[in-house]
Amino acid sequence: MHEPDPPSLPTDPDVPAAPPPVDASPAAVPDESAPPGSPNPAPALLGIGAIVLAAAGALAWTAGWIGGGLTAQRMTDAIEAIGAPHPGFRRAHAKGVCVYGTFRANGAAVALSSARVFAQKETPVLGRFSIAGGDPHGADAKARVRSLALLLRTDDGQEWRTAMNSFPFFPVATPEGFHAQSLASAPDPKTGKPDPAKLAAFVAQYPEVKKFQAWAASAPWSNSWGNTEYNGVNAFVFTAADGSARYVRWSMRPQLPFAPLESAQRDQADADFLADDLNARLIAAPLAWDMVLTIAAPGDAVNDASQAWPDDRERVVAGTLELTRAEPQASGRCRDVNYDPLILPTGIAGSDDPILAARSAVYSQSFNRREREIAHGRAPEATGRGGAQ
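So for the sequence shown, our numbering puts the first residue at 38; every next one is plus one.
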């Protein structure tokens with residue numbers, strides 16, 4: 038693949054190997070009374086709550102097996118092989134910042150889902166902006182993909198965690214395809230770069246990736262986390278109080294006008310320009326996104342996130358996300374939260390998209406490795422446990 042930062046399994050591979058009781062700790066949501074930079078009250082590696090295993094085959098994934106010899110362990114090994122090791126950090130999207138704010142529902146989605154988040158007037162949000170890649174010190178301007186993860190916790194104690202990306206669809210449709218992509222992206226020891234022959238073989242085996250390559254080569258890069266649209270990509274099942282069910286995908290559409298990051302700027306931008314820009318914007322005013330729900334029509338691909346739905350599908354604006362504050366992830370409350378997209382409230386369930394179950398399994402494997410690294414003192418110690426992102 039020729040895009041500058043080919044995505045592996047997207048966003049935050051960090052969940053436990055088996056589903057413990059649901060984490061209902063108040064520390065899982067932001068405490069706006071605490072000043073930025075204050076000690077993190079959350080217990081170590083918060084957010085290891087239950088994985089809501091809604092997708093078919095998820096229990097097998099959580100155990101590590103998919104069949105055909107492919108396991109979460111092997112997939113995580115392949116992701117790690119792409120770059121240098123960074124003990125204590127997330128395996129993907131290692132560089133990021135914590136953000137805090139509120140989701141305000143407008144009531145329009147109540148007819149689609151009984152989830153409390155759509156009826157409750159305001160829901161606190163603990164989020165994380167990040168860039169793709171496993172380097173926690175990577176240059177923001179070199180990362181093609183921007184990401185936003187959110188944890189929303191309603192007054193009935195239920196949680197909705199979502200991991201969204203700036204791309205509109207995945208490059209491939211299956212876990213096997215992502216594994217093959219990771220293997221092809223690993224650097225050749227002789228050159229330090231991916232082997233062109235392996236990349237060509239990957240594209241030949243998974244020709245659908247050419248569509249993603251075309252997007253990566255042609256779509257403009259945003260110059261801010263604040264003006265980027267973020268997509269959930271996978272389809273989920275929304276069930277209303279009357280029992281009716283719909284397949285839905287969601288996006289966060291920025292209210293801030295889009296502005297591109299030009300090619301020349303990518304060579305000159307500071308390594309942390311996205312975080313610097315975010316802080317400056319939030320000092321001036323909150324940043325807002327509209328939550329847009331797209332409803333599938335008969336025949337739409339609901340278990341293949343490599344296929345976009347037509348632009349004319351019905352859309353519902355469910356409310357507005359407002360972010361008011363950012364904090365470094367080393368001390369922020371998002372540091373130890375995993376944003377597993379299968380942690381869902383009543384009224385929202387995973388589809389049978391195999392990627393959803395695969396993400397939970399790989400997040401599990403990565404979380405356990407990260408926890409062991411921290412326990413054995415291998416994580417950076419410059420700011421206490423600050424390196425353990």
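Ideal Cβ positions, reconstructed from N, Cα and C, are used throughout, including at glycine. As the structure is a computational prediction, the values presented were derived from the model and not from experiment.
In the displayed model, residue 119 falls within coil according to three-state DSSP, outside both helix and strand. For residue 189, the enclosing beta strand (DSSP E) covers residues 183-190. Membership of residue 392 in the alpha helix (DSSP H) is indicated by the continuous run 391-412. Cβ-Cβ distances below 8 Å link residue 205 to 252, 268, 270, 345 in the same chain, with the five nearest sequence neighbours on each side left out; the list follows chain order. By alpha-carbon distance to residue 304, the top candidate from 351, 148, 260 is 260.
Here residue 369 has 135 as same chain residues with Cβ atoms under 6 Å from its own Cβ, once five neighbours each way along the sequence are excluded.
Distances from the alpha-carbon of residue 128 to those of 137, 138, 117 put 117 closest.
About 7 Å separates the Cβ atoms of residue 207 and residue 392, confirming a contact at the 8 Å cut-off.
Setting aside the 5 residues that flank it on each side, residue 277 is surrounded in the same chain by 148, 149, 150, 151, each with a C-beta closer than 7 Å to its C-beta; the list follows chain order.
Residue 408 and residue 228 have their C-alpha atoms spaced approximately 32 Å apart. Taking 8 Å as the cut-off, the beta carbon of residue 239 is found no closer than this to the beta carbon of residue 210. In chain order, 354, 355, 356, 357 place their CB closer than 8 Å to the CB of residue 143, counting only its own chain and leaving out the 5 sequence neighbours on each side. Looking at 266, 293, 230, 297, the one whose alpha-carbon comes closest to that of residue 255 is 297. For residue 220, the enclosing alpha helix (DSSP H) has its first and last residue at 212-222. Close CB contacts of residue 325 within its chain, under the 7 Å cut and outside five residues either way in sequence, are with 292, 357, 358, 359 (chain order).
With fewer than 16 other Cβ atoms from the protein chains shown falling within 10 Å of its own Cβ, residue 281 counts as exposed. Rounded to whole angstroms, the separation of the alpha carbons of residue 241 and residue 364 is 43 Å. By the beta-carbon neighbour count (other beta carbons within 10 angstroms, threshold 16), residue 336 is exposed. In terms of CA proximity to residue 331, 284 leads the group 397, 284, 132, 389. A distance below 7 Å between beta-carbons, with the five flanking residues on each side excluded, links residue 343 to the following residues of its chain, in chain order: 206, 207, 208, 209, 210, 245. Residue 413 sits exposed, since fewer than 16 C-beta atoms from the chains shown fall within 10 Å of its C-beta.
In the structure shown, residue 316 adopts helical secondary structure according to DSSP, grouped into three states. Taking a contact as a CB-CB distance under 8 Å, the pair residue 243 and residue 263 does not count as one, their CB atoms being some 34 Å apart. Within the model, the alpha-carbon separation for residue 139 versus residue 191 is close to 11 Å.
Linking residue 106 to residue 352 through their CA atoms gives a straight-line distance of about 40 Å. In the DSSP assignment, residue 382 falls outside any alpha helix (DSSP H), carrying neither H nor E.
Among the bridge pairs identified by DSSP, residue 197 is matched with 189.
Assigned with DSSP and collapsed to three states, residue 127 falls in coil, not helix or strand. Around the beta-carbon of residue 195, 16 or more other beta-carbon atoms lie within 10 Å, marking it buried. Rounded to whole angstroms, the separation of the alpha carbons of residue 234 and residue 385 is 42 Å.
Distances from the alpha-carbon of residue 299 to those of 153, 120, 249, 257 put 257 closest. In the assembly as shown, residue 160 is a buried residue. Its beta-carbon has 16 or more other beta-carbons within 10 Å. Here residue 295 is exposed. Its C-beta has fewer than 16 other C-beta atoms within 10 Å.
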